[in-house]
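Student: One structure, as structure tokens, below. Some questions next.
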Amino acid sequence: MKKPVIGLTPSLDSDHHTMQARLHYLQAIEAAGGIPLLLPPLSPDTVREASLVCDGLLFTGGVDVHPSRYGEEMLAACGEVCPQRDEMELSLLRLALERDLPVLGICRGIQLINVGLGGTLWQDLPSQTGSPLCHSQRPPFDMTVHTVRIEEASPLFSLLGTHEYAVNSTHHQAVRDCAPSLRAAARSSDGIIEAVWRPESRFLLGVQWHPEFRFASDKGAAALFSALVRSCG
Numbered sequence: 144m145k146k147p148v149i150g151l152t153p154s155l156d157s158d159h160h161t162m163q164a165r166l167h168y169l170q171a172i173e174a175a176g177g178i179p180l181l182l183p184p185l186s187p188d189t190v191r192e193a194s195l196v197c198d199g200l201l202f203t204g205g206v207d208v209h210p211s212r213y214g215e216e217m218l219a220a221c222g223e224v225c226p227q228r229d230e231m232e233l234s235l236l237r238l239a240l241e242r243d244l245p246v247l248g249i250c251r252g253i254q255l256i257n258v259g260l261g262g263t264l265w266q267d268l269p270s271q272t273g274s275p276l277c278h279s280q281r282p283p284f285d286m287t288v289h290t291v292r293i294e295e296a297s298p299l300f301s302l303l304g305t306h307e308y309a310v311n312s313t314h315h316q317a318v319r320d321c322a323p324s325l326r327a328a329a330r331s332s333d334g335i336i337e338a339v340w341r342p343e344s345r346f347l348l349g350v351q352w353h354p355e356f357r358f359a360s361d362k363g364a365a366a367l368f369s370a371l372v373r374s375c376g
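Take 144 as the starting number for the sequence shown in this note's numbering and just add one per residue.
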């Protein structure tokens with residue numbers, strides 16, 4: 144039986160003309176039974192053609208989505224942005240929706256999905272919300288630092304099988320207003336949206352934490368990648 148091909152979006156370093164992705168993402172997809180494929184940040188036609196060989200997509204972590212994408216001016220506390228990556232990933236998201244491809248978004252990935260579907264972001268949690276919760280931990284990143292409350296009606300609850308789940312956390316932005324077609328699947332104790340899903344899609348799930356660091360040691364983390372690969376069948 145052919146293994147599903149999962150397209151991954153890379154981080155871009157325009158100064159050094161390179162693209163990269165953590166091995167953790169690729170290893171997690173492989174362990175779940177898929178074939179990871181890094182997608183090239185090239186012309187729209189090339190991106191479209193490359194996406195046609197994919198059975199599912201994984202939007203990975205990285206720099207901030209440019210606030211202009213959700214109608215805001217950039218605040219001083221907003222971090223590094225990459226307009227080229229924004230353009231590529233938003234195009235891929237549209238293609239995924241056209242084909243109803245299974246999609247998993249991680250960290251920046253959940254934010255990109257939300258923005259692409261019409262939602263907004265907190266540009267900087269510490270300065271905008273004043274939350275005392277640790278959302279940006281230091282290494283090691285396979286350690287958990289807070290819990291999230293899972294919505295029972297969401298597919299995330301079916302995957303994790305619990306109302307409360309411990310997560311790692313390395314972000315300063317987050318979903319603010321959910322896109323109209325998305326539903327919140329989990330929140331942290333300070334009310335920040337930590338996961339979203341799209342009921343009308345075959346499988347579209349975004350999480351704010353980083354399961355790729357914990358897939359080998361945590362069944363819940365591994366279940367997210369397994370669900371993505373399984374949904375491609």
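We put the beta carbon where it would ideally sit given N, CA and C, even for glycine.
Go through its chain and collect everything with a Cβ distance to Arg-191's Cβ below 8 Å, but skip five positions before and after it.
Tutor: Ser-234, Leu-238
Student: Using the Cα positions of Phe-300 and Ile-336, report the straight-line distance between them to the nearest angstrom.
Tutor: 15 Å
Student: Going by alpha carbons, who is nearest to Trp-265 out of Gln-170, His-315, Ser-194?
Tutor: Ranked by how close their Cα comes to the Cα of Trp-265, the residues Gln-170, His-315, Ser-194 have His-315 in first place.
Student: With DSSP as the reference, please indicate the residues paired to Val-148 in a beta bridge.
Tutor: Ile-178.
Student: Please list the segments of the alpha helix (DSSP H) lying wholly inside the region 280-360, counting only runs of 4 or more residues, in order along the chain.
Tutor: 298-303
Student: Could you give the distance in angstroms between the alpha-carbon of Glu-241 and the alpha-carbon of Arg-345?
Tutor: 12 Å
Student: Just reading off the alpha helix (DSSP H) that Thr-203 is part of, what are its end residues?
Tutor: Per DSSP, Thr-203 belongs to no alpha helix (DSSP H) and is neither H nor E.
Student: Which residue marks the beginning of the beta strand (DSSP E) containing Asp-156, and which one marks its end?
Tutor: Asp-156: member of the beta strand (DSSP E) spanning 154-156, first to last residue.
Student: Taking 7 Å as the line, does the beta carbon of Pro-184 fall inside it for any heavy atom of the ligand GTP?
Tutor: The ligand content of the structure shown is nil, which means the ligand GTP is not present either.
Student: Please report the distance separating the alpha-carbon of Gly-248 from that of Ser-194.
Tutor: Using only the alpha carbons, I get a separation of about 16 Å.
Student: The beta strand (DSSP E) spanning Val-224 covers which residue range?
Tutor: Run containing Val-224: none; DSSP gives neither H nor E here.
Student: Check for me: the alpha helix (DSSP H) holding Val-372 runs from which residue to which?
Tutor: Its alpha helix (DSSP H) spans residues 362-374.
Student: Hey, could you find the ends of the alpha helix (DSSP H) Leu-195 is sitting in?
Tutor: Here Leu-195 belongs to no alpha helix (DSSP H), and DSSP marks it neither H nor E.
Student: Put Thr-263 into one of helix, strand or coil per three-state DSSP.
Tutor: coil
Student: Just the Cα atoms here: how many angstroms apart are Gly-273 and Asp-333?
Tutor: 10 Å
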